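Data first, discussion second: the structure below is written as structure tokens.
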Amino acid sequence: MIKRNGDVFAISNNQCQGVRSSVSLYPAATTRIPRATTAPSARMTHPDAQQNSKEANIALSTYVEKWKNRYEDAERKHKTFLLKSEKARREYDDLQRRYNIVVEERNHLDAELNDREKELNKLRQVSEKLFREYQQLKNQHEIDSGVMHKVMQQAGEWYKQNKQLKRRSTVLLQALPAAVDIDLTDANDTSSEASSNEEVEFLKRCVSELSEQVASLQTEASAARLHEFEAHETNVHLTQELEAEKEKTASQEKELVELRLQLERHNRVSKLLMDEVTALKDNADQDRKMAETYASEARAAKKRVKVLTHQSTLLLGALEPDERLGALLAELEHLKEALEMQAVRHQEQIDSLQLQLSEKHEETDILLWEEKIRLAEEDAQKAIHRAEKAEKKLVELERRQKTEPKSNLKSRISYFEGGAKEKIEVKKVIEESEKKNEIVEDIAKEMEEIIGGAIDAIVDQIKGGKFQLKSTDQNFMEKKPKDEQPEAVKEMLQILGTLRKRRNVSRPSVVAAAENES
Numbered sequence: 088m089i090k091r092n093g094d095v096f097a098i099s100n101n102q103c104q105g106v107r108s109s110v111s112l113y114p115a116a117t118t119r120i121p122r123a124t125t126a127p128s129a130r131m132t133h134p135d136a137q138q139n140s141k142e143a144n145i146a147l148s149t150y151v152e153k154w155k156n157r158y159e160d161a162e163r164k165h166k167t168f169l170l171k172s173e174k175a176r177r178e179y180d181d182l183q184r185r186y187n188i189v190v191e192e193r194n195h196l197d198a199e200l201n202d203r204e205k206e207l208n209k210l211r212q213v214s215e216k217l218f219r220e221y222q223q224l225k226n227q228h229e230i231d232s233g234v235m236h237k238v239m240q241q242a243g244e245w246y247k248q249n250k251q252l253k254r255r256s257t258v259l260l261q262a263l264p265a266a267v268d269i270d271l272t273d274a275n276d277t278s279s280e281a282s283s284n285e286e287v288e289f290l291k292r293c294v295s296e297l298s299e300q301v302a303s304l305q306t307e308a309s310a311a312r313l314h315e316f317e318a319h320e321t322n323v324h325l326t327q328e329l330e331a332e333k334e335k336t337a338s339q340e341k342e343l344v345e346l347r348l349q350l351e352r353h354n355r356v357s358k359l360l361m362d363e364v365t366a367l368k369d370n371a372d373q374d375r376k377m378a379e380t381y382a383s384e385a386r387a388a389k390k391r392v393k394v395l396t397h398q399s400t401l402l403l404g405a406l407e408p409d410e411r412l413g414a415l416l417a418e419l420e421h422l423k424e425a426l427e428m429q430a431v432r433h434q435e436q437i438d439s440l441q442l443q444l445s446e447k448h449e450e451t452d453i454l455l456w457e458e459k460i461r462l463a464e465e466d467a468q469k470a471i472h473r474a475e476k477a478e479k480k481l482v483e484l485e486r487r488q489k490t491e492p493k494s495n496l497k498s499r500i501s502y503f504e505g506g507a508k509e510k511i512e513v514k515k516v517i518e519e520s521e522k523k524n525e526i527v528e529d530i531a532k533e534m535e536e537i538i539g540g541a542i543d544a545i546v547d548q549i550k551g552g553k554f555q556l557k558s559t560d561q562n563f564m565e566k567k568p569k570d571e572q573p574e575a576v577k578e579m580l581q582i583l584g585t586l587r588k589r590r591n592v593s594r595p596s597v598v599a600a601a602e603n604e605s
């Protein structure tokens, strides 16, 4: 039995053991046991208490089973982790052992390598010493063999000489009488033999010393030859390096000369460019000044045109009203303004083309465009000449109309009063108006042909991309579309339309009057 917060629970021994084990294994986990009842035990009856105790037992058993299962799972995981950790530890120990073995083997091999290197150095030194001794002994042996050969040759010569002397002595003894007793023994033989032995020993010592000296000198000579060979090799290597350096210096000198030439060319080109830039600036300043002068002249011309129009209006106001005379004067003023504007625009286009051509560097293009400009100027001069002729014709017509304004009015009045007697004068007036219309139409056609000729060709060349106009602040440099007709042509066409309307209006009235008179 467990008493907790006034509630009583009945738990079996196994369940208590499971709970105790779970609590002991997981001390940090807080086991919460749900309450079986919410009401106090004093107020419950006996069957209610039994029912609540059963429910509490069931809940506690399920709770204990759940924690028991969790504990078993945790134990299994713990065992698997222990096995894995043990296996990893064994593998780590094995790898550590192998690593230590490999390190020991490496240290042993390093020590053995050092010992072998020391032995190799010792053997190299000993072999060098033996080689030097061998060279010295070889040279000494060669010297000794040479000396022995010379000694043997000398001994052979002495032996031959001794035999010859013995033969001579025997011949002489045979030639002498037998009574003569000659003592052949020399008293000085012993001393001579002793001195000769000493001399031989001294000569041997001298020969051995000389042979040693010769051997040492030969070893020194061989060492000197070796040094000479090494010096020759180093000399050859240095000569090769010297040749390579000479080639490098020669190539660098060539590059330096080329760079100097390029620098000189760049300097010349920069000077030429500066001269061209200054010339272009001067030309631009001159063109700007010319444009300003042209603009001022255009403004002055506009002012003069305004003054002249004002004066003409005043003069027309002083005269008697005549519709045809006013229309002709207005048409004349419009034509003058249109011609002036066309001339100004043409001159502006020529100036712009000249500015653009001044920026071109190719002489061929400049010559071609100069020829085109010259042709355009000739066409413009022809157009101006034709316009002047047309102006003269218009002035003559105005003079004729000014001389007989009243006669025309009287002729109209007399025509309406007298009938068909004045038909000839009406025909003359109609013919004069038709002539004026034809003159104006001819002028318009000529201007259209001129504009469609040289100027349109130049504008087409500009649009085609042969060259580009320089953009400035002046209005005359603006690019106008090709299809748009000039203002002068528009004004001429308007004038022609008004004249045709007036002619159509005047003709029916005259015809109707003639029919009434008839």
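Numbering of the sequence shown is given in this note's numbering, commencing with residue 88 and proceeding in unit increments. For glycine and all other residues, C-beta sits at the position ideal for the given N, C-alpha and C. Nothing here was measured: the structure is a model prediction, and the numbers come from that model.
Alpha-carbon spacing of residue i relative to residue j, whole angstroms
i      : j      : result
ASN156 : GLU178 : 33 Å
THR306 : TRP245 : 35 Å
LYS333 : ARG211 : 41 Å
LEU329 : VAL356 : 40 Å
ALA474 : ALA378 : 25 Å
HIS472 : GLN349 : 58 Å
ARG254 : GLN261 : 11 Å
ILE145 : LYS166 : 31 Å
GLU220 : GLU299 : 12 Å
ARG184 : LYS174 : 15 Å
PRO114 : GLU192 : For PRO114, the pLDDT reaches just 40, beneath the cut-off of 50, and the residue's location in the model is therefore unreliable, although a value from the coordinates is still provided. Distance between the alpha carbons of PRO114 and GLU192: 51 Å.
VAL189 : VAL213 : 35 Å
LEU169 : ASP160 : 14 Å
LYS171 : LYS141 : 45 Å
LEU207 : LEU196 : 16 Å
LEU182 : THR149 : 49 Å
LYS291 : ARG203 : 47 Å
GLU384 : LYS390 : 10 Å
VAL364 : LYS376 : 18 Å
HIS397 : LEU359 : 56 Å
GLN241 : CYS293 : 17 Å
SER232 : HIS319 : 33 Å
CA nearest to the CA of residue i, picked from the options
i      : options                        : result
VAL465 : ARG487, ALA477, ILE437         : Checking the sequence shown, residue 465 turns out to be Glu, not Val. The residue with the shortest Cα to Cα distance from GLU465 is ILE437.
ARG386 : VAL344, LYS166, GLU427         : GLU427
GLU485 : ASN249, LEU419, ALA371, ARG391 : LEU419
LEU422 : VAL294, LYS479, ARG352, GLU345 : LYS479
SER295 : LYS164, GLN223, PHE218, ILE230 : ILE230
ALA430 : TYR381, LYS335, LEU401, HIS397 : TYR381
VAL287 : GLU315, VAL238, GLU320         : VAL238
Burial state of residue i, where buried means 16 or more other Cβ atoms lie within 10 Å
i      : result
ASP362 : exposed
ALA308 : exposed
ASN354 : exposed
VAL151 : buried
LEU481 : buried
ASP374 : buried
GLN339 : exposed
GLU470 : The sequence as given places Ala at residue 470; Glu does not occur at that position. By the 10 Å Cβ count, ALA470 comes out buried.
ASN139 : buried
SER256 : exposed
LEU147 : buried
LYS247 : exposed
SER439 : buried
ALA467 : buried
ALA477 : buried
ALA331 : exposed
ALA366 : exposed
ALA337 : exposed
Proximity test, Cβ basis, 8 Å: residue i and chain C
i      : result
ARG386 : Checking the listed chains, one finds no chain C in this structure; it contains a single protein chain.
Rounded Cβ spacing between residue i and residue j (contact assumed at less than 8 Å)
i      : j      : result
ASN226 : ALA302 : 4 Å
ILE460 : GLN441 : 7 Å
GLU424 : VAL394 : Not confirmed; about 13 Å, so no contact.
Proximity test, residue i beta-carbon vs the ligand SAM heavy atom, cut-off 7 Å
i      : result
ILE471 : For the structure depicted, the ligand SAM is absent and the ligand set is empty, with no information on it obtainable.
- Item | Sequence ranges, beta strand (DSSP E) only - wholly within the segment 186–212, length at least 3 | none
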